[in-house]
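If you want our numbering, it's the 1-based position in the sequence shown plus 14.
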Amino acid sequence: MNVLIVEDSVRLRDSLARGLTAAGFTVDLAADGVAACHHLDSFGYEQVVLDLGLPRKDGLAVLHHLRHRSKRPRVLVLSARDQVSDRIGALNKGADDYLVKPFAFDELVARLHALARRPQEARLLSFSVGTLNLNPQARQVDVGGVPLLLTPRQYSLLELLLRHRGRVFTRTEILDRLSGTESDASDKSIEVVVFGLRRKLAQAGLTDVIETRRGSGYLIP
Ligand code: CA
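Right, dumping it as structure tokens:
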């Protein structure tokens, strides 16, 4: 199994490399988020062991970089951040598993093996509400089989709401999920994205897919 280890601590990176190589993995190393993205763009990996606190580009940004791939490696986040909110944040950004440092090396190996066994079908889901379908692998949306062309941000918003149906997302949360590393985005710009998405859905005959919760945010019930 090809694994990319993304870790800025030299000691930990070296010990992970030694241990995983001894456990039968083929290992590549990246010391920061920019190098990680470069490796991920250049080579195929089955798995990534990803630190969150990284120089140049943090682990969440690396997850963001990966999330629209049709063929994506499994990502195990290995981080000292031990709050439930950290875990939820990373999992929502596309991590497949999360292990808190300090960790037992055998547990890391067991989890990587478990990830490798996890069926691919789980990732091949499409999301539907009524006649609206969204295929995350192809990043395509259709209404009753007729393609609906969305801007990248409209698509990402729709995917977010469809993946978490029934959950209300505030503008700030949506901004956080959609903007990645862009700095020019604002709450106001989210309203523009929602407005544009609703208009396209309405043109396709779907008028009330996205609900507004006054003062709190948006959801697809
Ligand atoms: Ca670190």
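Glycine included, C-beta positions come from ideal geometry on N, C-alpha and C. Quantities reported herein were computed from a predicted structural model and do not represent experimental measurements.
**Message:** Can you look up D156 in the DSSP assignment and give me helix, strand or coil?
**Reply:** Counting from 1 along the sequence shown, the entry for residue 156 is found at position 142. DSSP places D156 in strand when its eight states are reduced to three.
**Asked** Would you say the beta carbon of P122 comes nearer than 7 Å to a heavy atom of ligand 1?
**Response** Sequence index remark: in the sequence shown, residue 122 carries index 108 (1-based). The residue asked about is misnamed: residue 122 is Leu in this sequence, not Pro. For ligand 1, not one heavy atom lies less than 7 Å from the Cβ of L122.
**Message:** Cutting at 7 Å between CB atoms, please list the residues of its own chain near T195, excluding the five before and the five after it.
**Reply:** Numbered from its first residue, the sequence shown carries residue 195 at position 181. Unreliable positioning characterises T195 in this predicted model, as indicated by a pLDDT of 44, which lies under 50. The coordinate reading is nonetheless provided below. Cβ contact annotation for T195 (same chain, cutoff 7 Å, sequence separation greater than five): A75, in chain order.
**Message:** Quick check: what's the CA-CA separation for L171 versus A36?
**Reply:** The residue given as residue 171 occupies position 157 in the sequence shown. The residue given as residue 36 occupies position 22 in the sequence shown. Taking the straight line from one Cα to the other gives about 43 Å.
**Message:** Which same chain residues end up closer than 7 Å to R181 when comparing Cβ atoms and leaving out the 5 residues on each side of it in sequence?
**Reply:** Here residue 181 corresponds to residue number 167 of the sequence shown, with the count starting at 1. So the qualifying residues of the chain are L233.
**Request:** Please report the residue range of the alpha helix (DSSP H) in which I19 lies.
**Result:** To locate residue 19, count along the sequence shown from 1; it is residue 5. Counting along the chain, I19 falls outside any alpha helix (DSSP H), though it belongs to the beta strand (DSSP E) covering N16 to V20.
**Asked** In three-state terms, what does DSSP make of F236?
**Response** The first residue shown for the chain is 15 and the last is 235, placing residue 236 beyond what the model contains.
**Cβ-heavy atom distance, G67 to ligand 1, below 7 Å** = Taking the first residue of the sequence shown as position 1, residue 67 is located at position 53. Indeed, a heavy atom of ligand 1 lies less than 7 Å from the Cβ.
**Message:** Is any non-hydrogen atom of ligand 1 found closer than 7 Å to the C-beta of S23, if you look at the structure I gave you?
**Reply:** Reading the sequence shown from its first residue, position 9 is the one you call residue 23. Yes, the Cβ of S23 comes within 7 Å of a heavy atom of ligand 1.
**Prompt:** Under the rule that 16 or more other beta-carbon atoms within 10 Å means buried, what is D65, buried or exposed?
**Reply:** Mapped onto the sequence shown, residue 65 falls at position 51. So D65 counts as buried.
**Request:** Note down, in chain order, each residue of its chain lying with its Cβ closer than 7 Å to the Cβ of G33, except the 5 sequence neighbours on either side.
**Result:** Mapped onto the sequence shown, residue 33 falls at position 19. For G33, same chain residues with a beta-carbon under 7 Å away, outside a window of 5 residues either side, are F119 in chain order.
**Item:** Rounded C-alpha distance that separates E173 from T165
**Value:** The count along the sequence shown starts at 1 and reaches residue 173 at position 159. The count along the sequence shown starts at 1 and reaches residue 165 at position 151. Taking the straight line from one Cα to the other gives about 12 Å.
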